[in-house]
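S.K.: Here's a structure for you.
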Amino acid sequence: MGTVVDAPAVVTEKEVVAENMLGDKKVTVVFVLGGPGSGKGTQCSNIVEHFGFTHLSAGDLLRAEIKSGSENGTMIENMIKEGKIVPSEVTIKLLQQAMIKNENDKFLIDGFPRNEENRAAFENVTKISPAFVLFFNCSEEEMERRLLGRNEGRVDDNIETIRKRFKVFVESSLPVIEYYDAKDKVKKIDAAKPIPEVFEDVKAIFAPYAKYVIIYQAT
Ligand code: ADP
Ligand code: C5P
Ligand code: MG
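The numbering of the sequence shown is our numbering, which starts it at 843 and goes up by one.
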């Protein structure tokens, strides 16, 4: 009778270990994408509360960087005013620092990757690939109405910049969603519905990540 011999490993142990690792912590990352005003931030707050993820908004991190008086502040502010996408190295560094600083191992990365450069650079630098991509689908008409009513004093929530952001979304961000869709990683949500209804759909997607599982045993 023959002896059973282990098949040679195709992937080395080092490569397996490096994947989705942040230092010695294995992380789960979900990219939350959708046009400006589609409700990404709103729904991320709900996901944090119910499913124990940490929310990292690339836009919020960039705005905090401006406020901190960083040497990149003026460049970032000018890009945001114009609705343009900040070079990946800046945004990735902020995301990486925020993930390392946080003890959690489950992150919602909101508003990133915004273009092909963001996507490829993040993958190359961090070796992290998303568990899935949550995509909030909404019409421009509805998003425009929401952005004009947001009232957070943002320099980019004016009609001129909003139009530029929509153009950047269609030309640069939608191709990223198509990239992940081709890999069957996109979970698309109808984001035009009222907030609680959108969250019902979101909840169904995040059910496997529930914080607590209650088991009822019939006696
Ligand atoms: P994003 O982060 O995608 O730009 P926000 O979560 O900041 O979007 O939402 C933009 C604005 O629209 C906010 O004022 C928010 O309260 C509102 N909003 C979010 N989701 C909905 C919804 N489903 N229906 C109506 N208004 C919404
Ligand atoms: O996601 P949010 O609407 O907060 O993004 C605001 C702006 O921040 C974008 O219009 C863009 O100028 C900048 N941004 C970026 N790169 C990202 C995310 C946001 O340059 N990945
Ligand atoms: Mg937002």
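From the three backbone atoms N, C-alpha and C, an ideal C-beta is built for every residue, glycine too.
In the segment 983 to 1056, which residue ranges form an unbroken beta strand (DSSP E) of at least 3 residues, counting only runs that do not cross its ends?
M.R.: Fully enclosed beta strand (DSSP E) runs of 3 or longer: 1028 to 1032.
S.K.: Report the residue from Thr896, Glu919, Phe977 and Thr884 whose alpha carbon sits nearest the alpha carbon of Asp1023.
M.R.: Comparing Cα-Cα distances from Asp1023 to each of Thr896, Glu919, Phe977 and Thr884, the minimum goes to Phe977.
S.K.: Following the continuous alpha helix (DSSP H) through Ile970, name the residue where it begins and the one where it ends.
M.R.: From DSSP, Ile970 is part of no alpha helix (DSSP H); its letter is neither H nor E.
S.K.: Can you give me the C-alpha to C-alpha distance between Val932 and Tyr1058, rounded to a whole angstrom?
M.R.: Cα to Cα, Val932 sits roughly 48 Å from Tyr1058.
S.K.: Does Lys882 come out as helix, strand or coil in the three-state DSSP assignment?
M.R.: Residue state, collapsed to three classes: helix.
S.K.: Compare the C-alpha of Thr884 against each of Leu989, Lys1025 and Val1012 and name the closest.
M.R.: Thr884 has its Cα closest to that of Leu989, out of Leu989, Lys1025 and Val1012.
S.K.: Check this for me: beta carbons of Val967 and Lys1027, under 8 Å apart or not?
M.R.: Cβ distance not < 8 Å, so Val967 and Lys1027 don't count as in contact.
S.K.: Ordered along the chain, which non-local residues of its own chain (more than five positions away) have a Cβ less than 6 Å from that of Phe1008?
M.R.: Contacts found: Glu982.
S.K.: Would Glu958 and Pro878 qualify as a contact pair, given that the criterion is a beta-carbon distance under 8 Å?
M.R.: Cβ atoms of Glu958 and Pro878: not closer than 8 Å.
S.K.: Can you tell me which of the three DSSP states Asn862 falls into?
M.R.: Correct three-state label for Asn862: coil.
S.K.: Bridge partners for Leu875 per DSSP, in chain order?
M.R.: According to DSSP, Leu875 bridges with Phe977.
S.K.: What are the boundary residues of the beta strand (DSSP E) that includes Asp952?
M.R.: Taken as a continuous stretch (DSSP letters only), the beta strand (DSSP E) holding Asp952 covers Lys948 to Asp952.
S.K.: Alpha carbon to alpha carbon, what distance is there between Arg1005 and Ile922?
M.R.: Distance between the alpha carbons of Ile922 and Arg1005: 13 Å.
S.K.: Under the rule that 16 or more other beta-carbon atoms within 10 Å means buried, what is Ser880, buried or exposed?
M.R.: Looking at its Cβ environment, which holds 16 or more other Cβ atoms inside 10 Å, Ser880 is buried.
S.K.: Start and end of the alpha helix (DSSP H) containing Gln930?
M.R.: What sits at residue 930 in the sequence shown is Ser, not Gln. Looking at the DSSP string, the run of the alpha helix (DSSP H) that includes Ser930 is Ser930 to Lys943.
S.K.: Exposed or buried, what is Glu907 when buried is set at 16 or more other beta-carbons lying within 10 Å of its beta-carbon?
M.R.: Flag for Glu907 reads buried.
S.K.: Is Pro1050 buried or exposed, if buried means 16 or more other CB atoms sit within 10 Å of its CB?
M.R.: So Pro1050 ends up on the exposed side.
S.K.: Mind checking whether the beta-carbon of Ala900 lies closer than 7 Å to any heavy atom of the ligand C5P?
M.R.: Flag set: Cβ of Ala900 near the ligand C5P.
S.K.: Taking only the alpha-carbon atoms, compute the straight-line gap between Phe893 and Val1044 and give it to the nearest angstrom.
M.R.: So the two alpha carbons sit approximately 11 Å from each other.
S.K.: Might you give, ordered along the chain, the residues of its own chain that have their beta carbon closer than 6 Å to the beta carbon of Phe1047, omitting 5 neighbours on each side?
M.R.: Note on residue identity: the sequence assigns Ile, not Phe, to residue 1047. Around Ile1047: Lys1029.
S.K.: Is the CB-CB distance between Thr870 and Lys948 below 8 Å?
M.R.: For Thr870 and Lys948, yes; Cβs fall inside 8 Å.
S.K.: DSSP three-state label for Glu923, please.
M.R.: It should be noted that the sequence gives Lys, not Glu, for residue 923. Of the three classes helix, strand and coil, the one that applies to Lys923 here is helix, per DSSP.
S.K.: Around the Cβ of Lys856, are there at least 16 other Cβ atoms within 10 angstroms (buried) or fewer (exposed)?
M.R.: Annotation note: pLDDT 49 at Lys856 (below 50); position unreliable, no value reported.
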